[in-house]
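> Quick one: this structure, given as C-alpha cells, is what I'll be asking you about.
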Amino acid sequence: MMKKAIFLSLIIVFTAAAALADTVTVITKENAIREYAKFFAPVKATVRYNDRLEALSMEGDWYKVKYGPSIGYIHRTAVEKRAVAQPASYARKGSSVSQSEAALAGKGFNPQVEASYKRQHPEMKYGLVDSVEHYPVPERDIAQFIVAGGLRQP
Amino acid sequence: MTKKCLALLCAPLLLAALVSCDTSSFGNISQHIGTAMTVVDQTSRASRPITDEEEYYVGRAVAAKILGSYQLTTNAQLTRYVNLIGRTVALNSDKPFTYGGYHFAILETNEINAFAAPGGTIFITSGMIRTTASEDELAAVLAHEVAHICKRDGIAAIKSARWTEALTVIGATAARNYTSGEVSQLVSLFEGSIDDVFKTLVVNGYGRSQEYAADESAAQTLAKCGYDPRALLSFLKRLEQRSGSSGGGIMATHPATGDRIENVSGKIPSTAPIHPRAIEARAARYGAAVR
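From first to last, the protein sequence lines are chains A and B. Numbering-wise, the first sequence is residues 1 to 154 according to the working numbering. Numbering-wise, the second sequence is residues 1 to 291 according to the working numbering.
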C-alpha cells in the first residue's frame, strides 16, 4: 500500500517538475515563431500573450520552441520562464493557461482600470495613442530599409 | 528567485505528506499540491514588480497626456522615416520586444525634446529632428530613448509607496475583475502613477546616472545597427552649441550637455568604417525626409 503511494506521488512530482522546466510563456501582445533564429525569418506560427510554449533549447538570444505542431524560434525577450506551474486539474478547460497565470495577467493596471480612467478623463487623447500604435510598419519595409542604408541585419 | 526558494521549502513538506498518506486519500494529493503552489504564487506576488502589461497601460496614459499638450505632425513621409529608423534601432536594443511593441511619433513643435512613454511609445519633436544633421544622428536620439524603455526608467519614476498600496488592492482578490470600490482605488493609484511618470519625463527629467546610462547604451546600439556611434557625440556637441539659444525642452530635463559629452566620450565603441555608398544612401533619404 505504502509502495503504491510513493510510486504514484513520484509520478506526480516528476510530471510537475517537467512542466516547470520546459515551458516559456509569451509576454507580448502578439509574437511569431520563426523558421530560424533571425528577426525577419519566415513566420511559422503566431502566438499571443500568455500562450505557453515548450522550450526545446536555446540558441543565442533565441529559444527553440514547440507550439502545437510548429517547431521554430522566438526571441528571449518575448517570453519568460515562470517558475510556478499548476497541476493539470487547475488549468482552464481547452486552454494552455492556468487560472493563476490568467488572473495575474489580468490583474493590476489592466483594461478595466484604463476604461474607468478614460471615463473619468474624456479629455485624454487615447484616440491619438491608438493611431500611433496602429501605424503600420511592415517587416518587409524594415528589412529593405536596413539593406538600402547599408545597415546590419539584426 | 523567491518563488524558487519557496517552492524548494515546500517540496520536502509535500514529499513528507505524500509518503505518509494513505492511498484512500490519494485523490486529494493533487489538490494539496495545487494549494501549496497557490500559496507560493500568492506569497511571491505580494511584492512583485510592475509587469510589462501594466507598464503598457501606464505608458498609454502617459502618451495620451503628452498628446494633450502637443500636436502630432501631419508629415507622413517623415513619420514613416522616423518609424523605420526607430524600429531598426529597437531590434538592435537590449529589449527588441515589449508587451505592446515600439511606436514612434513626431510632435509638431520647435521645442527640442524627445520622450519615451513606458512600454515603447517614443515621441520626438520636429525641433529635435531639425537639430540633427544626419540619419545616424537621428538614430542616436532614438537609440537614447529606446534605452530608457529597455531600462524601464519611466516606470521607475512611480513612487514605491504608491505601487505598494496598489499591490494591496491587487492582492486582495483572486478574481480577474474588481469590485467598483477596488476599481476606484486602483484608478486613483493609476492616475497618481501617470503623474509620477509624466512629471519625470516632461518636467523634472531622469536622474543624471539614468541619462548617462542611456547615452552609453545608445552608443552600443548604434554600433550594433551599423550606424556610426560617434554620431551621438556629434549630435550632443551641436546640442551644446544650441543650449545658449534654448533653455527649455531637453535642456531643462537633461544634465548639462557638456557633462553628457564628457561621460560618453571614452565609451564610444570602435567600429569599421562605413561604406561610402551607405553614407550616400542614408544622406539621400535623410535629405528627402527631413529637409
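All residues carry an ideal CB built from backbone N, CA and C; glycine is no exception.
So residue 126 of chain B and residue 138 of chain B are supposed to be a Cβ contact under 8 Å. How far apart are they, rounded?
With 8 Å as the limit, residue 126 of chain B and residue 138 of chain B do not qualify as a contact, their Cβ atoms being about 12 Å apart.
> Is the region 217-228 of chain B touching the region 117-126 of chain B in the sense that three or more CB pairs, one from each, lie closer than 8 Å?
no
> On the CB-based measure, 16 or more other CB atoms within 10 Å of its CB, does residue 241 of chain B come out buried or exposed?
When all chains shown are included, residue 241 of chain B counts as exposed.
> Mapping the DSSP letters down to three states, classify residue 145 of chain A as helix, strand or coil.
helix
> Please state the DSSP three-state secondary structure of residue 68 of chain A.
Residue 68 of chain A: coil per DSSP, three-state reduction.
> Rounded to whole angstroms, what's the CA-CA distance from residue 112 of chain B to residue 55 of chain B? Just pull it up for me.
26 Å
> If residue 193 of chain B and residue 158 of chain B are in contact, beta carbons under 8 Å, what's the gap, nearest whole angstrom?
5 Å
> With distance defined between alpha-carbon atoms, name the residue in B/235, B/179, B/154 and B/211 nearest to residue 199 of chain B.
B/154
> To the nearest angstrom, how far is the alpha carbon of residue 52 of chain B from that of residue 104 of chain B?
18 Å
> Can a CB atom of chain B be found closer than 8 Å to the CB of residue 63 of chain A?
no
> Output, in chain order, the set of chain B residues within a Cβ distance shorter than 9 Å of residue 78 of chain A.
96 and 97
> So which of A/63, A/67 and A/70 has the shortest CA-CA distance to residue 77 of chain A?
Considering only A/63, A/67 and A/70, the residue with the shortest C-alpha distance to residue 77 of chain A is A/63.
> Determine the direct distance from the alpha carbon of residue 259 of chain B to that of residue 107 of chain A, and round the result to whole angstroms.
42 Å
> Does the beta carbon of residue 231 of chain A sit closer than 8 Å to a beta carbon anywhere in chain B?
Since the first residue of chain A shown is 1 and the last is 154, residue 231 of chain A is not available in this structure.
> For residue 226 of chain B, decide whether its Cβ has a neighbour in chain A, counting only Cβ atoms nearer than 8 Å.
yes
> Beta-carbon within less than 7 Å of residue 57 of chain A's beta-carbon, same chain only, minus the 5 sequence neighbours each way: which residues are those?
64
> Against chain B, which members of the region 128-151 of chain A pass a CB distance test of less than 7 Å?
Going along the region 128-151 of chain A in chain order, one finds 128, 129, 132, 133, 135, 137, 141, 142, 145, 146, 148, 149, 150 and 151 with a Cβ nearer than 7 Å to chain B.
> Find out if the Cβ-Cβ distance for the pair residue 78 of chain B, residue 290 of chain B is shorter than 8 Å.
Taking a C-beta distance under 8 Å as the contact criterion, residue 78 of chain B and residue 290 of chain B qualify as a contact pair.
> What does the alpha-carbon distance come out to for the pair residue 203 of chain B and residue 54 of chain A?
45 Å
> When the Cα of residue 48 of chain B is compared with those of B/90, B/168 and B/65, which residue comes out closest?
B/168
> Would you check if the distance between the CB atom of residue 190 of chain B and the CB atom of residue 113 of chain A is smaller than 8 Å?
In contact: residue 190 of chain B and residue 113 of chain A (Cβ atoms closer than 8 Å).
> Can you pull out the residues from the region 133-152 of chain B whose beta carbon lies closer than 8 Å to at least one beta carbon of chain A?
135
> So does residue 257 of chain B have its beta carbon nearer than 7 Å to some heavy atom of the ligand MN?
What this structure holds is no ligand at all, so the ligand MN is not there to describe.
> Name the chain A residues that come within less than 8 Å of residue 82 of chain B, Cβ to Cβ?
Near residue 82 of chain B there are no residues of chain A at all, since even the closest Cβ is about 10 Å away, more than 8 Å.
> Figure out for me which residue from B/237, B/211 and B/268 has the closest Cα to the Cα of residue 227 of chain B.
B/268
> Taking beta-carbon pairs under 7 Å, can you tell me which members of the region 46-61 of chain B lie near chain A?
51, 52, 53, 54, 57, 58, 60 and 61
> Run through DSSP, which three-state label would residue 290 of chain B get?
helix
> Please report the residue range of the beta strand (DSSP E) in which residue 58 of chain A lies.
52-59
> Could you check which residue in B/178, B/281 and B/90 has the C-alpha nearest to that of residue 149 of chain B?
Measuring from the Cα of residue 149 of chain B, the nearest candidate turns out to be B/90.
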